[in-house]
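All remarks here apply to the structure that follows.
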């Protein structure tokens with residue numbers, strides 16, 4: 001399916017491009033649709049394409065050595081994915097699957113590489129994305145090197161995206177206990193027990209789908225090893 | 001100290017630049033010398049500069065939560081460092097220290113950013129470096145999520161740079177047991193015991209400063225959980 005110039009305006013990466021480039025660009029792109037749970041890009045894929053999500057929701061997913069799946073990031077409409085393989089020519093570092101029925105516009109690798117490298121604002125954006133991934137990896141290395149799972153959970157809670165709501169830090173759309181267990185390399189039961197302790201001591205409270213951090217300093221003290229986890 | 005145009009030819013990142021750019025570039029750079037163990041760039045530094053190593057040897061170093069230092073990478077003469085802060089404007093993710101008496105040429109951040117973004121071969125090189133760091137982080141996440149330290153050591157041995165010597169894979173300049181212990185989140189004693197077992201079973205042999213992998217398939221089977229570690 002062809003891609004209209006109109007549609008390209010929706011993709012934030014492409015916004016800095018001059019108007020006259022969009023028509024030839026749209027002619028090189030193609031739309032594909034994916035049912036929920038379909039594999040959009042496989043980790044073993046040799047195809048190098050830059051993907052742009054038109055509608056739906058995608059998730060980067062990897063598997064642990066013992067076969068548990070780990071959700072790494074979400075792709076929302078307007079966003080792009082596939083930059084890592086595009087840059088270094090190696091297979092993707094993870095699978096991208098459709099978390100909902102999705103429509104994706106693909107641009108072939110050679111065209112995408114040339115476009116990015118010859119337009120400094122696009123190169124800057126892709127480099128910034130890669131830098132963010134490097135820093136997230138370093139943060140996770142720090143987290144996983146901690147011996148105590150309760151401490152790892154506190155570090156993770158502080159690493160999750162937060163926003164200030166009425167003077168309190170809140171984690172929106174917190175991952176499930178199972179997802180957090182995989183991220184901190186602990187069992188689901190350990191995560192659930194740790195949350196019970198944190199709730200009992202009013203370090204956190206649940207606010208609908210959000211977690212409100214009532215005592216962020218105490219969480220930080222446990223995370224950085226200055227305070228022991230509270231007793232159950 | 002000023003930087004000669006002659007010197008710039010030594011820096012691989014700058015090789016694709018046209019000759020006429022080198023004189024104005026060298027005028028914007030400055031040389032600084034560092035004694036062994038001196039801090040070249042601090043993790044808390046707000047200064048954004050791209051560094052080029054003229055002579056000596058540098059090491060990227062971070063500290064674990066409990067204060068142990070972790071060597072992350074080496075910088076050799078001709079190579080550059082500081083690209084992460086340059087790209088995203090945030091403080092460095094690690095310290096860079098002089099592993100030997102060193103001379104470094106610095107280019108200020110604004111000039112370096114413009115140079116990289118307006119020269120596609122330079123942008124490609126910096127993106128490739130960042131992509132390699134993303135992949136190394138993902139590999140370490142996989143490693144640290146394994147429950148068994150013997151298995152983690154085998155994964156690490158397979159991740160270290162190898163070269164083929166007379167039909168055998170060899171790891172040159174292997175890190176010390178203490179360094180490997182920190183990388184795999186185990187004690188130094190555990191690493192030493194695991195090496196004794198691997199030597200006894202002729203999975204590895206030491207060849208001077210190198211480790212020769214005599215049974216790489218067996219190492220891979222242990223790393224990927226298909227085989228148990230051999231008995232002591």
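Chains as they are written, first to last, in the UniProt record's numbering: chain A, 1 to 232; chain B, 1 to 232. Just so it is clear, CB atoms sit at the ideal spot from N, CA and C, and this is done for glycine as well.
- Under the 9 Å criterion on CB atoms, residue 90 of chain B is classed as interfacial with respect to chain A.
- If you check the CB distance, residue 56 of chain B and residue 82 of chain B do not come in under 9 Å.
- Listed along the chain, the chain B residues whose CB falls inside 7 Å of the CB of residue 120 of chain A are 117, 118.
- Beta-carbon to beta-carbon, residue 159 of chain B and residue 225 of chain B are separated by about 16 Å, too far to satisfy the 8 Å threshold.
- By the rule that beta-carbons nearer than 9 Å mark a contact, residue 145 of chain A touches chain B.
- With respect to the 9 Å criterion, residue 107 of chain B and residue 79 of chain B are not classified as neighbours on the basis of their beta carbons.
- Under the 9 Å criterion on CB atoms, residue 141 of chain B is classed as interfacial with respect to chain A.
- When the beta-carbon positions are compared, residue 58 of chain A and residue 122 of chain A stay at least 9 Å from each other.
- Taking C-beta atoms under 8 Å as the contact rule, residue 48 of chain A and residue 86 of chain A qualify, at a distance of about 6 Å.
- Beyond the five residues adjoining it in sequence on each side, residue 126 of chain B comes within less than 7 Å, by CB distance, of 83, 116 in the same chain, given in chain order.
- A distance below 9 Å separates the beta carbons of residue 91 of chain B and residue 45 of chain B.
- Of all residues in the UniProt domain "HTH crp-type" (147 to 217) of chain B, those with a C-beta nearer than 7 Å to a C-beta of chain A are 185, reading in chain order.
- Shown here for residue 199 of chain B: same chain residues with a beta carbon closer than 8 Å to its own, the five before and five after excluded, namely 205, 206 in chain order.
- Close partners of residue 84 of chain A in chain B (Cβ separation under 7 Å): 131, 134.
- Per the Cβ contact rule, the region 33 to 44 of chain A is in contact with the region 96 to 105 of chain A (3 or more Cβ pairs under 8 Å).
- Within the same chain, Cβ atoms closer than 7 Å to the Cβ of residue 218 of chain A are found at 203, 227, the five residues on either side in sequence being excluded.
- Look at the UniProt domain "Cyclic nucleotide-binding" (13 to 133) of chain B and you find these whole runs of alpha helix (DSSP H), each 4 residues long or longer: 19 to 27, 83 to 88, 109 to 117.
- When the alpha-carbon of residue 165 of chain B is set against those of B:210, B:149, B:97, the nearest one is in B:210.
- By the beta-carbon neighbour count (other beta carbons within 10 angstroms, threshold 16), residue 163 of chain B is exposed.
- Taking a contact to require three or more Cβ pairs closer than 8 Å, the region 175 to 193 of chain B and the region 137 to 155 of chain B qualify as touching.
- In the DSSP assignment, the residues bridged to residue 164 of chain A are A:169.
- Closest option to residue 134 of chain A, judged by alpha-carbon separation, among B:120, B:172, B:94: B:94.
- With fewer than 16 other beta carbons inside 10 angstroms of its own, residue 89 of chain A counts as exposed.
- Distance between residue 192 of chain B and residue 231 of chain B, taken at the CA atoms: about 14 Å.
- Against chain A, a Cβ distance below 9 Å from residue 59 of chain B picks out nothing, because the smallest value is about 16 Å.
- DSSP places residue 179 of chain A in the uninterrupted alpha helix (DSSP H) bounded by 177 to 183.
- Contact annotation, residue 38 of chain A with residue 98 of chain A: C-beta distance approximately 5 Å; criterion of less than 8 Å satisfied.
- The C-beta distance from residue 130 of chain B to residue 131 of chain A rounds to 6 Å, short enough to fall under 8 Å.
- Following the DSSP letters along the chain, one finds residue 207 of chain A inside the beta strand (DSSP E) bounded by residues 204 to 207.
- Around residue 145 of chain A, the same chain offers no residue with a beta carbon nearer than 6 Å, after the five sequence neighbours per side are excluded.
- Taking a Cβ-Cβ threshold of 7 Å, the residues of chain A close to residue 87 of chain B are 127, 128, 131, in chain order.
- Residue pairing by DSSP places residue 216 of chain B opposite no residue, since no beta bridge is assigned to it.
- In terms of Cβ geometry, residue 214 of chain A and residue 168 of chain A form a close pair [threshold 9 Å].
- It is roughly 8 Å from the alpha-carbon of residue 180 of chain A to the alpha-carbon of residue 153 of chain A.
- Using a Cβ-Cβ cut-off of 9 Å, residue 79 of chain A does not count as an interface residue toward chain B, since no Cβ of chain B sits closer than that to its own.
- DSSP places residue 155 of chain B inside the alpha helix (DSSP H), whose first and last residues are 149 to 159.
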